[in-house]
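Have a look at the structure below, then the notes.
Residue numbers (the numbering used here): 23 to 248.
Structure below.
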């Protein structure tokens with residue numbers, strides 16, 4: 023179920039039928055292990071979006087040149103991680119079946135799994151570009167395989183070796199970094215190699231996932247795990 027009683031994200035002026043990109047919120051923080059609150063993020067991010075310009079001088083692109091529709095926020099069940107992931111997958115699948123691209127705002131990072139599941143069903147050869155402070159490659163965390171700390175490990179089980187490119191990673195346990203050495207392409211501490219990765223993946227099916235804690239805590243401390 024969707025809650026459509028929202029302030030839309032900036033530049034989301036298209037009707038659903040005409041939109042190429044469909045935004046939805048997935049406000050969930052049920053496995054957060056340090057600081058909760060990301061479940062409140064989608065409406066806050068929408069509100070703050072009106073403090074920026076639609077035009078990017080860096081890219082010389084304007085959001086107004088693209089067609090976005092804001093479909094509202096998923097009303098996710100409390101206490102059921104699997105149901106939450108399933109609901110996100112179903113919403114993403116509906117958008118994809120309508121010939122549009124899903125643009126999801128979380129929520130803790132586990133919400134990514136549901137969307138990746140849907141995209142992988144439609145695009146067999148899928149690649150993931152991942153911006154994050156944390157590797158998120160644990161096999162389980164506090165006994166839970168479905169955790170924000172395990173989301174890229176679960177995604178790897180879907181897409182396989184050589185299909186995940188990680189940037190900005192500065193935190194994780196030893197086993198995560200050993201796993202990355204064998205199974206993902208990890209760029210620790212920085213974004214060196216991003217341009218080359220984008221060039222390499224041109225024309226391929228790419229899922230992009232951004233965890234805002236990739237930003238330095240000196241300028242962006244308000245995350246679940248800075």
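All C-beta atoms in this analysis are idealised placements derived from N, C-alpha and C, irrespective of residue type, glycine included.
My assumption, with CB atoms under 8 Å, is that residue 156 sits in contact with residue 114. Please give the rounded CB distance. With a Cβ gap of about 23 Å, residue 156 and residue 114 do not count as contacting.
Could you check which residue in 52, 85, 125 and 141 has the C-alpha nearest to that of residue 100? When 52, 85, 125 and 141 are compared, the shortest CA-CA separation from residue 100 is found for 52.
If you check the beta carbons only, do residue 42 and residue 88 fall under 8 Å apart? Going by C-beta atoms, residue 42 is nearer than 8 Å to residue 88.
Check each candidate in 117, 159 and 154 and name the one with the smallest Cα separation from residue 137. When the alpha-carbon of residue 137 is set against those of 117, 159 and 154, the nearest one is in 117.
Bridge partner(s) assigned by DSSP for residue 156: Among the bridge pairs identified by DSSP, residue 156 is matched with 193.
Supposed contact pair residue 29 and residue 69 - C-beta distance, whole angstroms, cut 8 Å: Residue 69 to residue 29, Cβ: 6 Å. Contact.
Could you check which residue in 228, 139, 202 and 65 has the C-alpha nearest to that of residue 161? Across the set 228, 139, 202 and 65, the C-alpha of 202 shows the shortest separation from the C-alpha of residue 161.
Element boundaries [alpha helix (DSSP H), containing residue 93]: No alpha helix (DSSP H) contains residue 93, which is instead part of the beta strand (DSSP E) from 90-96.
Jot down the residue ranges of each uninterrupted alpha helix (DSSP H) in the region 54-139, minimum 4 residues, whole runs only, in chain order. Listed in chain order, they are 63-71 and 103-119.
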